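Quick note, the sequence shown lines up with residues 1 to 146 if you use full-length UniProt numbering.
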Amino acid sequence: MDSVDREILFHLRQDGRLTNVELAKRVGLTPPPCLRRVKRLEDEGIITGYRARIDPAASGRNFEVMAAVEIGVNDLQTVEELESAIASYDEVVEFHRLFGRPDYFIRVAVEDHAAYETFLTTKLIGLRAVTRVDSHLVMKKIKTDD
1 MDSVDREILF
11 HLRQDGRLTN
21 VELAKRVGLT
31 PPPCLRRVKR
41 LEDEGIITGY
51 RARIDPAASG
61 RNFEVMAAVE
71 IGVNDLQTVE
81 ELESAIASYD
91 EVVEFHRLFG
101 RPDYFIRVAV
111 EDHAAYETFL
121 TTKLIGLRAV
131 TRVDSHLVMK
141 KIKTDD
């Protein structure tokens, strides 16, 4: 990957809907080689997809919580079941397994406090492997890539 590829990635990160002609103009290429580079970046798995950024307030999911989750098991099957269950929840917008404690960090986006309480009590703490959940309400987003 060279500096032109990095510049292509920068512009596509800012606006994934750029036309090839506009992208080529921004990175100083003609459209055919620009398109070849984008296709190569896709084929190599560097560009993994394109998606829309949704305004959480407009979609009714502007109450965000960062949940630190600890589990009390360490057998692979239970861990995989837990991860599959949590990843399947529509309220979960980000999910990470960590080294050390806590075991997981989950970003949850819901309508309001009551919706989070419902998520927490009916889904998250209902999973048998979960031993502790510390919920942290998001005060302000400083930077996000989504």
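Ideal Cβ placement from N, Cα and C applies to all residues, glycine included. A quick note: this is a predicted structure, and the numbers were derived from the prediction, not measured.
- Starting from Asp134, follow its DSSP beta bridges and name the residues at the other end. Bridge partners of Asp134: Ala68.
- Message: Let me confirm a value: Phe99 is counted as buried when at least 16 other C-beta atoms fall within 10 Å, else exposed. Which label applies?
- Response: Flag for Phe99 reads exposed.
- How about Pro102 and Val65: are their beta carbons less than 8 Å apart? Contact flag unset, no.
- Rounded to a whole number of angstroms, what is the C-alpha to C-alpha distance between Val93 and Asn74? Straight across, the Cα-Cα distance linking Val93 with Asn74 is about 24 Å.
- Query: Looking at the structure shown, is Ala114 part of a helix, part of a strand, or coil, going by DSSP?
  - Reply: If DSSP states are grouped into helix, strand and coil, Ala114 belongs with the helices.
- Use the C-beta contact count for Leu124: other C-beta atoms within 10 angstroms, 16 or more gives buried, fewer gives exposed. By the neighbour-count rule (16 or more Cβ atoms within 10 Å), Leu124 is buried.
- Task: Give the straight-line distance between the Cα atoms of Thr133 and Arg51, rounded to the nearest whole angstrom.
- Result: For clarity, residue 133 is Val in the given sequence; the question names Thr instead. About 30 Å.
- Could you check where the beta strand (DSSP E) with Val93 kicks off and where it finishes? Unbroken beta strand (DSSP E) run through Val93: Val92 to Arg97.
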